[in-house]
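For the sequence shown, this note's numbering begins at 465 and goes up steadily by one.
Notes to accompany the following structure.
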Amino acid sequence: MVTLHKGKHYIINNDHIATAEEAAKLSAEEGKKQTLTYQVLEKHNHSDNMEHLEIKFDSMGVYDNTYVGILQTAYASGLKEFPMPCVFTNCHNCLCAVGGTINTDVHKYAESACKKSGGIFVPPHEAVIHQYMREMIVKSGDMSIVSDSHTRYGTQGSVSIGEGGPELAKAMLGKYYEIDYPEVIGVFMTGAPKPWVGPMDVALSIIGKVFKNNFVKNKVLEFIGPGVSSMSMDFRNGIDTMTTESACLSSVWATDDKVKEYFEIHKRPNDFKRMQQGDAALYDGIVEINLDTIVPMIALPFHPSNAYPLADVIADPEKYLGMVEKEAERVFENNKDIHLDLRSKIHNGKIKVDQAAIAGCAAGSFENIYAVDQIAKKLNHGLGTFPLNIYPASQPIMYELNKIGVLNDLMNYGARVKTAFCGPCFGASDAPGNNDFCIRHSTRNFPNREGSSPANGQIASVALMDSKSIAATAFNGGYLTSAEDCPVEFTVPSYEFNSNIYDNIVYNGYGKAKPETEIVYGPSIKDWPQMSALTDNLLLQVASVIRDEVTTTDELIPSGETASYRSNPYKISEFTLIRKDPEYVGKAKAVQVYEKARVAGDAAKTAEIYEVLKAAGVDTPVEELMKTTGIGSVLYAKRPGDGSAREYAASCQKVLGGLANICIEYATKRYRSNCVNWGMLPFTYPDDNINLEVGEYVYLPGIRKAVEEGATRFEATIIGKDGNTRTMELELNGVSEAEKKVLLAGSLINSYKAE
């Protein structure tokens, strides 16, 4: 059972939630300081107070479909040498199967950058980014920043952050990470998981309770309580990674002897620190979890928060698969070629699954895969033709599983064992067939994230489950089965970490920069385009209006094979909103033609679009408007930015001439930061029923001066397609001084160049 306690609560002696009588005797100021979060943030804060933080990190990580843009920004802004250990993994585009030589060219680019500036280069197939960080980099009490939303190393006592590329570039340049002190939610755990329950079951139980009500949005989750000690490190890591899907900012766990042993196994005993909250730690809310009551769970398409007890779905497949079909109709309402027929998977009252995968930072652990082997041995028969794909998260894990015979067992039963790769998580491998229903222990199940292409009339769907129940299903002919119905005496042998694997293949240049090294560029690696500073006034045309409750970064810029083009900002921008609004790119580029003409001094061309300003009472000569009034596009979505940290969700809009977003609220802090760092004004408009249509214009006179002066409200003139006008008050809240400089300069790169 997961219970939410709103408002401030104390945890007393890591034992119980304080009674009202106990709380009345305690100090709120002292209670805040007793949290693990406060202890770590205070150590890393360089501002003069703890309300507005300026953080310096201890380490950072990037990977192959994010690091080119980050490095291009950092080098353009003056990067010489990495100021901290900076890990470059190659775990997303390592199949090198799309775009000819582009992916290997990117890997060579990164390797040369590591030699030049002192980075750590982890070659393809050696480890997924988060597993390498856990094994080799993260320390108790430290902070890391990584260019991936699933950056969660809380189990080791670290408060780590997943952010978009510009924030990583700032860290490379030794700049501060600026953030207001976050609220902290205590995750108070009691009891112990049942043997058939896995980490995904616990994670989905939490996500299902807290995502849709924003209970933990942009907050730090602090895992405490007597139940923590009942779980192994692999189990804790599996929960921790998935906390991203709750929309929280970060996480941290109390550390104990199991954490100490983890560091010892990985030959870093001195990196362990025992961390425990104080005797009366004060939290801004409590998520109370009785681990004894957690059951096998399933997250139905198309979000991890669509979490239900697996037994309920098995018992009533018509109800639950029918719900998914209705959701698919809503998601793909603008694509009449898409028809999801999940109820055709019901055979004699049972759900027949088409494919399964266990992979990545959430699932590729030693213990998860060992448990799959134990279930396979218990049932003792092959998979038939059912496809079960298993990806150990690192070569050391694969080596140990191979050494003790687990991989041979699994291959003997018909499983497909593959090297460390994030592919199943974001649609770069194991793309299923049309109308297939897949089960995966990976991080997300957003629409089309499994690799289907709606533009080609394709649809498939993924349900998230724990590895144990996936194994029970796979070895039951593919019929959806709970691990609870497959009684196994689960045991876990001791794990031996083979560090020779990394010693023999990883290039560790930290502290040994070779500035004379030439960066290796492939033909598809392109610099960011030139971007203009914010002009005195703005004329924006609405290029897309999305009225879904939440818009994911997968919808803003898809993952999968398109990720290979992220080294080329022009190429990748062609895919912006391709699944959600295929007309967006054409509309944005049509407006951008006028901005390019303005910058080039083409008065005749720009006069065409400035003509609309007459409806707003502006009859300034074109030549003057060209000096003062920038032209661009604007996107409206209710709550954009759930999901990935990818900067391309924002940068692609900017490359196409986007200059602003308007929304009710931003789904995540990291997406808003991406907008700011690419010089796009992050407006909000609190009314759910905004009166705004594609093709209309938003005119913002005096916008530069207003931003300079710190204004938070702006009266915009909306010019309708019929020429009629109306006003709308937009808000620009929470803009820091550093963010103001970036917005005025037009981008983070411009801001640093001006220093």
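Glycine is no exception: its CB is placed at the ideal position from the N, C-alpha and C atoms.
**Message:** Using 8 Å as the cut-off, can you tell me whether the segment 568 to 576 makes contact with the segment 527 to 545, which would need three or more C-beta pairs spanning the two stretches below that distance?
**Reply:** yes
Check your understanding: Applying the criterion that 16 or more other CB atoms from any shown protein chain within 10 Å of the CB defines a buried residue, is Q1117 buried or exposed?
Key -> buried
Using only CA atoms, which one of I839, L804, L944 and E493 lies nearest to H811?
L944
* **Among Y1135, M1090, E1179 and I903, the one whose alpha carbon lies nearest that of I815** => I903
Measure the C-alpha to C-alpha separation of K1204 and V870 and round it to an integer number of angstroms. 55 Å
| request: Taking 8 Å as the threshold, find out whether the segment 736 to 755 comes into contact with the segment 648 to 656 through three or more Cβ pairs. | output: yes
DSSP three-state call for R904: helix, strand or coil? strand
Task: Residues that H469 bridges to, as DSSP identifies them - done: I750
Start-to-end residues for the alpha helix (DSSP H) that takes in D721: D721 to I729
Worksheet item: Is the distance from the Cβ of F901 to the Cβ of L806 below 7 Å?
Response: yes
| task | Give the C-beta separation of N1214 and M995 to the nearest angstrom, bearing in mind that I take them to be a contact with Cβ-Cβ under 8 Å. | result | 6 Å
Report task. Using the Cα positions of C578 and K724, report the straight-line distance between them to the nearest angstrom. Result -> 31 Å
Note to self: Going by beta-carbon coordinates alone, are V610 and G662 separated by less than 7 Å?
What the structure shows: no
(request) May I ask which residues mark the beginning and end of the alpha helix (DSSP H) holding A919? (result) Element bounds for A919: n/a, residue is neither H nor E.
Item to check | Presumed contact (8 Å Cβ cut-off) between T1189 and G1107, rounded CB distance | outcome: The Cβ separation is near 36 Å, so there is no contact.
Enumerate, from N- to C-terminal direction, the unbroken alpha helix (DSSP H) stretches of 4 or more residues contained entirely within the segment 549 to 593. 566 to 581
Quick one: residues in its chain with C-beta nearer than 6 Å to the C-beta of I643, no 5 flanking neighbours on either side, listed in chain order?
L517
ask   = By a C-beta neighbour count over all protein chains shown, 10 Å radius and 16 as the cutoff for buried, is I969 buried or exposed?
value = exposed
3-residue-minimum beta strand (DSSP E) runs that sit fully inside the segment 831 to 873, ordered along the chain: 852 to 854
task: At 3 residues or longer, and completely inside the segment 655 to 713: list those beta strand (DSSP E) runs for me, N to C.
output: 684 to 688
query = Is it buried or exposed for H510, if we count other Cβ within 10 angstroms and need 16 for buried?
reply = exposed
request  = Could you tell me whether the segment 672 to 681 touches the segment 702 to 711, where touching means 3 or more Cβ pairs closer than 8 Å?
outcome  = yes
Check your understanding: If you draw a straight line from the alpha carbon of A919 to that of E1160, how long is it in whole angstroms?
Key -> 26 Å
Query - Secondary structure of I1182, DSSP reduced to three states - result: strand
- Q758 in three-state terms, based on DSSP: The sequence shown places Ile at residue 758, rather than the Gln named in the question. Here I758 sits in coil by DSSP.
| query | With 16 other CB atoms within 10 Å as the buried threshold, where does D606 fall? | reply | buried
When the Cα atoms are used, what is the spatial distance from L1041 to I584? 34 Å
Point to revise | Extent of the continuous alpha helix (DSSP H) run through A633 | key: G629 to M636
- Query: What is the rounded straight-line gap between the Cα of D522 and the Cα of Q819?
  - Reply: 40 Å
* Are L1207 and N1141 close, meaning C-beta to C-beta below 7 Å? -> no
Does the Cβ-Cβ distance between L865 and I833 come in under 7 Å?
yes
Q) Rounded C-beta distance between M653 and L755? I'm assuming under 8 Å. A) 6 Å
Could you pull the start and end residues of the alpha helix (DSSP H) that A1113 belongs to? Y1112 to V1119
Specify the secondary structure class of F736 as computed by DSSP and reduced to three states. coil
Item to complete: Count the other C-beta atoms from every protein chain shown that fall within 10 angstroms of the C-beta of E590, then say buried if there are 16 or more, exposed otherwise.
Response: buried
query = So the beta strand (DSSP E) Q819 belongs to, where does it begin and stop?
reply = Q819 to I822
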